[in-house]
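Counting in the UniProt record's numbering, the sequence shown runs from 1 upward without gaps. From the three backbone atoms N, C-alpha and C, an ideal C-beta is built for every residue, glycine too.
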Amino acid sequence: EESITGVFDHPPSLEYVAKFTGHINTINCMIVVDDAKEAGEAFKTTYIFTGGYDHLARCFNAETGECLAVYKGHASFIFSLKIGIRMEKAKRNNETYEEPKWSLY
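Here it is in structure tokens:
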């Protein structure tokens, strides 16, 4: 059975904001990463990472609900997540810029 992660606005309204689907069974943990704060305005997207009993971690775009990545290979249930973000120099079309590099632990 597919699980749904629901996101609600904080009090007082508790308005339903979005839902994210994809996990099978229970979701054990969730972390919200505001990339604009964490990566110095490089992007202005908020991400939601989830981990569950299906041995998968997923990354969702918080605004659209789109699943951006599925992280496979865990041997057991996922009970906690930690995200590391660092800026690295990259080059494209002879232009140098910084982009965030993510690590999921």
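Buried versus exposed, by CB contacts within 10 Å (16 or more), residue i
| i | result |
| --- | --- |
| A57 | buried |
| G84 | exposed |
| F79 | exposed |
| F70 | According to the sequence provided, residue 70 is Val. The question's Phe does not apply to it. With fewer than 16 other Cβ atoms within 10 Å, it is exposed. |
Paired residues, beta bridge with residue i - DSSP
| i | result |
| --- | --- |
| G52 | I27 |
| K89 | E98 |
| G73 | In DSSP, G73 forms no bridge with anything. |
| L104 | I83 |
| T45 | Paired residues: none, contrary to the question. |
| A57 | G51, Y71 |
Identity of the residue in the options nearest residue i by Cα
| i | options | result |
| --- | --- | --- |
| R100 | G73, M87, N94 | Note on identity: in this sequence residue 100 is Pro, with Arg being the wrong assignment. Nearest of G73, M87, N94 to P100, Cα basis: M87. |
| K72 | Y105, N93, I48 | Y105 |
| S103 | V33, K19, T21, F20 | V33 |
| I48 | F20, A75, H74 | F20 |
Expected contact under 8 Å - CB spacing of residue i and residue j to nearest Å
| i | j | result |
| --- | --- | --- |
| T46 | H23 | No, T46 and H23 are not in contact; Cβ-Cβ is about 19 Å, not under 8 Å. |
| G52 | N25 | 6 Å |
| K62 | A18 | Checking the sequence shown, residue 62 turns out to be Ala, not Lys. At roughly 7 Å, the Cβ-Cβ gap stays under 8 Å, so A62 and A18 are in contact. |
Within the chosen definition, does the region 54 to 71 reach the region 23 to 33 through at least 3 CB pairs nearer than 8 Å?
yes
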